[in-house]
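Residue numbers (the numbering used here): 20 to 300.
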């Protein structure tokens, strides 16, 4: 998926049953002046969906909540049997039914079915609800870099809401070497298990599992995925390096963007992206 949020789906299921919805859509209120970047759900005063608009120039406001519009979060609860009937009916009429947002949901609204907006209940325990669309390199990078802030917007450390994921069977991360300029250091960074920072410096970066950062190397404002090896005297700035990449000694990435563009993807904001399993010539 390309969305980040914390949500208790059971609450939407209960809401769906309580209002006897045929379809309920999870929606997040955003300031209307920012809503033109998203798919917008227009509702009546009873939260019934009356329109489904993709990136409108003039987003409709939420009834009773002026200045805010409902953004479609892409989280749907359907009545399964009804959905099957709708899909068959659309097929029989030669109406495209490949996409929920573009095809199926607008059709259900036009047919007068009970399509209802569910107001998103954020479980992130911050003052401002958190929901991020990370469908672009820039948005993915920005959301990731937020995690290394002193107080990140997205709370990874809530013991009542643990993030359940696969844990590699690696030893803890460690920094080694403390001789002269060979000092293994990590500052304001997230370092995963199995990683060894051997005489290099890492600042404001996210380092995946089983990564080796060798002596005199410098990594800043970057993301390095699992199983990468950063050779000696390497300099990396504002880069996303995917898995299983060996960076040869002396390589510089992110300091000469014109040179980087000859080999890698470079975004408009200057983020350098190196693909998985890339082999340097």
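Ideal placement from N, C-alpha and C gives every residue a C-beta, glycine not left out. Being a predicted model, the structure only gives us computed values, none of them experimental.
Could you check whether the Cβ of residue 61 sits closer than 7 Å to any heavy atom belonging to the ligand ZN? The ligand ZN is not part of this structure, which contains no ligands at all.
Would DSSP call residue 145 helix, strand or coil? Translated into positions along the chain shown, residue 145 becomes position 126. Of the three classes helix, strand and coil, the one that applies to residue 145 here is coil, per DSSP.
Thinking residue 69 and residue 128 are a contact (beta carbons under 8 Å), I'd like their distance in whole angstroms, please. Walking along the chain shown from the start, residue 69 turns up at place 50. Walking along the chain shown from the start, residue 128 turns up at place 109. 7 Å between Cβ atoms; contact.
Between which two residues does the alpha helix (DSSP H) carrying residue 165 extend? Residue mapping note: residue 165 aligns to position 146 of the chain shown, counting from 1. Residues 156-165.
Cβ-Cβ separation, residue 174 to residue 133 (assumed contact under 8 Å), whole Å: In the chain shown, counting from the first residue as 1, residue 133 sits at position 114. In the chain shown, counting from the first residue as 1, residue 174 sits at position 155. Between residue 174 and residue 133 the Cβ distance is about 35 Å, and since that is not below 8 Å, they are no contact.
Nearest neighbour of residue 269, chosen from 105, 234, 130 [CA to CA]: Taking the chain shown and counting its residues from 1, one reaches residue 269 at position 250. Checked all of 105, 234, 130; the closest Cα to residue 269 is 234.
Going by C-alpha distance, which of 195, 42, 246, 182 is nearest residue 296? Here residue 296 corresponds to residue number 277 of the chain shown, with the count starting at 1. Among 195, 42, 246, 182, the Cα nearest to that of residue 296 is on 246.
Beta-carbon proximity list for residue 46, same chain, < 7 Å, skipping 5 on both sides: Counted from its first residue, the chain shown places residue 46 at position 27. So the list reads 60, 89, 90, 91, 92, 136, 137, 138, 139, once near-sequence residues are dropped.
Can you tell me where the alpha helix (DSSP H) holding residue 125 begins and where it ends? Numbered from 1 along the chain shown, position 106 holds the residue referred to as residue 125. From DSSP, the alpha helix (DSSP H) with residue 125 extends over 124-129.
Cβ of residue 216 within 8 Å of Cβ of residue 227? Taking the chain shown and counting its residues from 1, the one referred to as residue 216 is at position 197. Taking the chain shown and counting its residues from 1, the one referred to as residue 227 is at position 208. No, they are not a contact pair.
By how many angstroms is the C-alpha of residue 22 removed from the C-alpha of residue 153? Looking up residue 153 in the chain shown gives position 134. Looking up residue 22 in the chain shown gives position 3. Each residue's alpha carbon lies about 6 Å from the other.
Within the continuous beta strand (DSSP E) that includes residue 36, where are the two ends? In the chain shown, the residue the question calls residue 36 occupies position 17. Run containing residue 36: none in the beta strand (DSSP E); it sits in the alpha helix (DSSP H), 28-37.
With distances taken from CA atoms, which of 157, 114, 40, 77 is nearest residue 53? For the purposes of this step, residue 53 is taken as residue 34 along the chain shown, with counting starting at 1. Taking only the C-alpha atoms, the option nearest residue 53 is 77.
Distance, Cα to Cα, residue 292 vs residue 258? By one-based count along the chain shown, residue 292 stands at place 273. By one-based count along the chain shown, residue 258 stands at place 239. Distance between the alpha carbons of residue 292 and residue 258: 6 Å.
Helix, strand or coil at residue 17 [DSSP, three-state]: In this structure the chain extends from 20 to 300, so residue 17 is not present and cannot be described.
Count the other CB atoms within 10 Å of the CB of residue 198; is the residue buried (16 or more) or exposed (fewer)? Along the chain shown, one-based indexing puts residue 198 at 179. That one is exposed.
Exposure of residue 241, with buried meaning 16 or more beta-carbon neighbours within 10 Å: What you label residue 241 is simply residue 222 of the chain shown in a count that begins at 1. So residue 241 counts as buried.
With burial defined as no fewer than 16 other Cβ atoms inside 10 Å of the residue's Cβ, what is the status of residue 31: buried or exposed? By one-based count along the chain shown, residue 31 stands at place 12. Residue 31 is buried by the Cβ-count criterion.
According to the neighbour-count rule (16 or more other Cβ atoms, all chains shown, within 10 Å of its Cβ), is residue 184 buried or exposed? Numbered from 1 along the chain shown, position 165 holds the residue referred to as residue 184. Residue 184 should be labelled exposed.
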